[in-house]
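Numbering (the numbering used here), first residue to last: 17 to 374.
Step one of this worksheet: look at the structure below.
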Amino acid sequence: MSKSAQLNLRDQVEQFVFKNLHDKLFFGTASDRYAGWIGPIYSEAWTSQIRTRGRKLGGQRFEERTVPVASAEEYFDHFNVLEVDFTFYRSLRGPAGAPSNNFFVLQQYADAAPDHAKFILKAPQQVTARTLRRGGAGKPSYEENSDFLDKNVFIDGFLSPAKEILGDRFAGTIFEQEYQRKASGPDPEVNIAQLDTFFSDLQTDIPIHLELRSPHLLVPSYFDWLNERGLGFVFSHWTWLPSIRDQWERSGKRFSSSSKTVVCRLLTPQRMPYAKAYAHAHPFDKPVAELSESQQAKDMVLDTAALSIQSLKHDYAAMIISNNRAWGNAPSLAQKVARRILDELEKEQHKPSDDMNA
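Pasting the structure below:
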């Protein structure tokens with residue numbers, strides 16, 4: 017990479033443009049329509065179209081401010097992938113095949129996004145979760161999920177309509193399994209067996225990446241199974257998971273997706289509940305010192321950059337997904353990671369392929 021080209025890339029990163037950083041590096045965010053991003057990501061023209069709604073979380077009330085779906089066109093001027101998470105909460109089609117509201121929202125995204133856009137969608141919790149939360153603002157209850165690992169619900173309600181809407185812009189699915197305590201959760205081998213039954217004859221060309229949020233399930237045999245099935249492991253910086261560096265060690269320092277793609281999600285600080293991270297980050301318009309200046313945040317950036325360098329060494333593409341709650345402002349987190357990756361690319365280093373000291 018020439019010095020002039022490198023400087024040009026740095027200039028772009030300073031303008032929050034990440035889509036040209038490398039042909040195997042895909043930067044994106046978890047959700048996208050935050051009014052707090054007007055300026056660095058969205059033009060001032062959207063100010064007149066901001067919608068507001070109230071939200072109560074952790075005993076506090078917040079005002080959420082969003083811009084329309086049509087803003088996705090400008091989003092993809094900066095990023096080359098978007099994680100869609102509303103599909104986690106409701107399938108795209110119901111049991112009788114009728115389209116849900118999410119079907120039409122995803123269609124709006126497809127209409128607004130350019131041809132080069134890539135989407136990675138979260139699979140519905142209706143399929144991925146053993147138990148589902150019930151109840152409103154009071155103390156929640158949980159009940160067994162009768163649709164857990166139901167292939168028909170997964171294919172007919174989610175996978176097929178997503179392909180119908182997005183076509184070749186559908187770049188992958190995140191299959192997230194909820195946090196479960198070791199004492200009450202499944203045995204790791206039982207969990208592997210259940211997942212294997214589900215994935216054994218699932219015929220799809222859409223890459224699938226699994227995110228297990230229970231550390232006790234991240235055993236060597238699980239990573240062996242992912243490798244055998246060609247399924248991706250999601251490296252996730254999330255409340256109750258070990259560090260990304262630790263996850264890399266547990267994986268046997270290897271990638272497993274047959275699509276030659278690795279997903280890294282930067283979601284919340286370790287040991288910090290969702291509500292607290294949200295309260296710190298709101299209204300999501302700038303980095304927040306309580307999040308971005310902590311030692312674990314600095315380690316998160318270093319680990320993400322190192323993982324990205326490893327993906328390039330192994331000829332894997334990396335999708336780096338930033339979340340407001342990990343930093344205060346997702347675009348600023350992406351900028352921090354991109355700067356570090358450029359630093360490492362400049363070094364033209366020759367380290368062993370399993371080195372995570374980048």
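Cβ coordinates follow ideal geometry from the N, Cα and C atoms, glycine included.
- Buried or exposed for V206, please, with buried defined as at least 16 other CB atoms from any protein chain shown within 10 angstroms of its CB. One-based indexing of the sequence shown puts residue 206 at position 190. So V206 ends up on the exposed side.
- Task: Output the distance between the C-alpha atoms of P285 and A209, rounded to the nearest integer angstrom.
- Result: Numbered from its first residue, the sequence shown carries residue 285 at position 269. Numbered from its first residue, the sequence shown carries residue 209 at position 193. Going from the Cα of P285 to the Cα of A209 covers about 31 Å.
- Message: Going by DSSP in three states, Q193 sits in which element: helix, strand or coil?
- Response: Working through the sequence shown from its first residue, we reach residue 193 at position 177. Strand.
- Does the region 341-354 come close enough to the region 38-46 to have 3 or more Cβ pairs within less than 8 Å? yes
- Under the three-state DSSP convention, the category P115 falls into: Mapped onto the sequence shown, residue 115 falls at position 99. Strand, per DSSP.
- Reduced DSSP secondary structure (H/G/I, E/B, other) of V121: Taking the first residue of the sequence shown as position 1, residue 121 is located at position 105. Looking at V121 - three-state DSSP - the assignment turns out to be helix.
- Message: Rounded to the nearest angstrom, what separates S20 and K276 at their Cα positions?
- Response: Residue mapping note: residue 20 aligns to position 4 of the sequence shown, counting from 1. Residue mapping note: residue 276 aligns to position 260 of the sequence shown, counting from 1. For S20, the pLDDT reaches just 46, beneath the cut-off of 50, and the residue's location in the model is therefore unreliable, leaving the point undetermined.
- On the three-pair Cβ rule with 8 Å, is the region 160-169 touching the region 139-148? The region 160-169 vs the region 139-148: in contact.
- Run the CB neighbour count on K138, radius 10 Å, all protein chains shown included, and call it buried at 16 or more, exposed below. As a working mapping, residue 138 is identified with position 122 in the sequence shown. Buried, since its Cβ has 16 or more Cβ neighbours within 10 Å.
- Query: To which residues does DSSP link L41 through a beta bridge?
  - Reply: For the purposes of this step, residue 41 is taken as residue 25 along the sequence shown, with counting starting at 1. According to DSSP, L41 bridges with H38, A334.
- Task: Determine the contact status of L242 and F249, defining contact as a CB-CB distance below 8 Å.
- Result: Position 226 of the sequence shown, counting from 1, holds the residue named residue 242. Position 233 of the sequence shown, counting from 1, holds the residue named residue 249. Result yes, Cβ atoms of L242 and F249 sit closer than 8 Å.
- Task: Could you say which of A293, V169, V100 lies nearest to L218 if we only look at CA atoms?
- Result: To locate residue 218, count along the sequence shown from 1; it is residue 202. It is V169.
- Verify whether the separation of the beta carbon atoms of R71 and P299 is less than 8 Å. Walking along the sequence shown from the start, residue 71 turns up at place 55. Walking along the sequence shown from the start, residue 299 turns up at place 283. Not a contact, by the Cβ cut-off of 8 Å.
- Is it right to say G74 is buried, meaning 16 or more other beta carbons lie within 10 angstroms of its own, or is it exposed? On the sequence shown, residue 74 is found 58 positions in, with the first residue counted as 1. Burial call: exposed.
- Query: Can you tell me whether DSSP reads T320 as helix, strand or coil?
  - Reply: Here residue 320 refers to the residue found at position 304 when the sequence shown is read from its first residue. Helix.
- Quick one: give me the first and last residue of the alpha helix (DSSP H) that E16 is part of. This structure does not reach residue 16, given that the chain is present from 17 up to 374, and the question cannot be answered.
- Query: Mapping DSSP to helix, strand and coil, what is T277?
  - Reply: Within the sequence shown, numbered from 1, the residue matching residue 277 stands at position 261. T277: strand per DSSP, three-state reduction.
- Query: For F32, which option in R49, A61, E160, W53 has the closest C-alpha, if you only look at C-alpha atoms?
  - Reply: Residue mapping note: residue 32 aligns to position 16 of the sequence shown, counting from 1. That would be W53, whose Cα lies nearest to the Cα of F32.
- Query: Who are the near neighbours of D48 in its chain, counting only those whose CB is closer than 7 Å to its CB and skipping five residues on each side?
  - Reply: The residue you call residue 48 lines up with position 32 of the sequence shown. A88, Y91, L98, listed in sequence order.
- Task: Label Q141 either buried or exposed according to how many other C-beta atoms from any shown protein chain fall within 10 Å of its C-beta, with 16 as the threshold for buried.
- Result: Taking the first residue of the sequence shown as 1, we reach residue 141 at position 125. It is buried - the Cβ of Q141 has at least 16 other Cβ atoms within 10 Å.
- Query: Can you tell which of E159, I181, F34, I336 has the C-alpha that lies nearest to the C-alpha of Q123?
  - Reply: As a first step, residue 123 must be located in the sequence shown, where it is residue number 107. Of the candidates E159, I181, F34, I336, the one whose C-alpha sits nearest the C-alpha of Q123 is I181.
- Task: Indicate the three-state DSSP secondary structure (helix, strand or coil) for I171 in the structure shown.
- Result: Looking up residue 171 in the sequence shown gives position 155. If DSSP states are grouped into helix, strand and coil, I171 belongs with the helices.
- Straight-line Cα distance separating R270 from K329: On the sequence shown, position 313 is the one that residue 329 refers to. On the sequence shown, position 254 is the one that residue 270 refers to. Those two C-alpha atoms are separated by around 11 Å.
- A346 versus G201: straight-line alpha-carbon distance, rounded: Against the sequence shown, residue 346 aligns to sequence position 330. Against the sequence shown, residue 201 aligns to sequence position 185. A346 and G201: Cα-Cα distance of roughly 32 Å.
- Message: Applying the 10 Å Cβ sphere with the 16-neighbour rule, what's the burial state of T103?
- Response: Locating residue 103 in the sequence shown gives position 87, counting from the first residue. Per the 10 Å Cβ criterion, buried.
- Query: On the premise that S272 lies in contact with F239, defined as a C-beta separation below 8 Å, what is that separation, rounded to the nearest angstrom?
  - Reply: To locate residue 239, count along the sequence shown from 1; it is residue 223. To locate residue 272, count along the sequence shown from 1; it is residue 256. Going by Cβ atoms, the distance from F239 to S272 rounds to 7 Å, so yes, they are a contact pair.
- 8 Å Cβ shell around R281 - same chain, five flanking residues per side excluded: Translated into positions along the sequence shown, residue 281 becomes position 265. These residues qualify, in order along the chain: A46, E99, I190, E227, V250, F251, S252, H253, W254, I337, N339.
- Task: Output yes or no for whether 8 Å exceeds the beta carbon distance between L307 and A297.
- Result: Indexing the sequence shown from 1 puts residue 307 at position 291. Indexing the sequence shown from 1 puts residue 297 at position 281. Yes.
- Return the CA-CA distance between F34 and V317, expressed in angstroms with no decimal places. Residue mapping note: residue 34 aligns to position 18 of the sequence shown, counting from 1. Residue mapping note: residue 317 aligns to position 301 of the sequence shown, counting from 1. So the two alpha carbons sit approximately 16 Å from each other.
- Query: How big is the Cα-Cα spacing for H232 and S59?
  - Reply: Numbered from 1 along the sequence shown, position 216 holds the residue referred to as residue 232. Numbered from 1 along the sequence shown, position 43 holds the residue referred to as residue 59. In a straight line, the C-alpha of H232 is about 45 Å away from that of S59.
- Item | N-terminal and C-terminal residue of the alpha helix (DSSP H) that T144 is part of | Within the sequence shown, numbered from 1, the residue matching residue 144 stands at position 128. Here the alpha helix (DSSP H) through T144 covers 141-144.
- Query: According to the neighbour-count rule (16 or more other Cβ atoms, all chains shown, within 10 Å of its Cβ), is Q193 buried or exposed?
  - Reply: As a first step, residue 193 must be located in the sequence shown, where it is residue number 177. Looking at its Cβ environment, which holds 16 or more other Cβ atoms inside 10 Å, Q193 is buried.
- Item | Three-state secondary structure assigned by DSSP to H232 | One-based indexing of the sequence shown puts residue 232 at position 216. In the structure shown, H232 sits in a helix (DSSP, three-state: H, G or I).
- Item | Contacting residues, own chain, Cβ-Cβ under 7 Å from T220 (five flanking each side not counted) | For the purposes of this step, residue 220 is taken as residue 204 along the sequence shown, with counting starting at 1. Excluding positions up to five away in sequence, the list reads L175.
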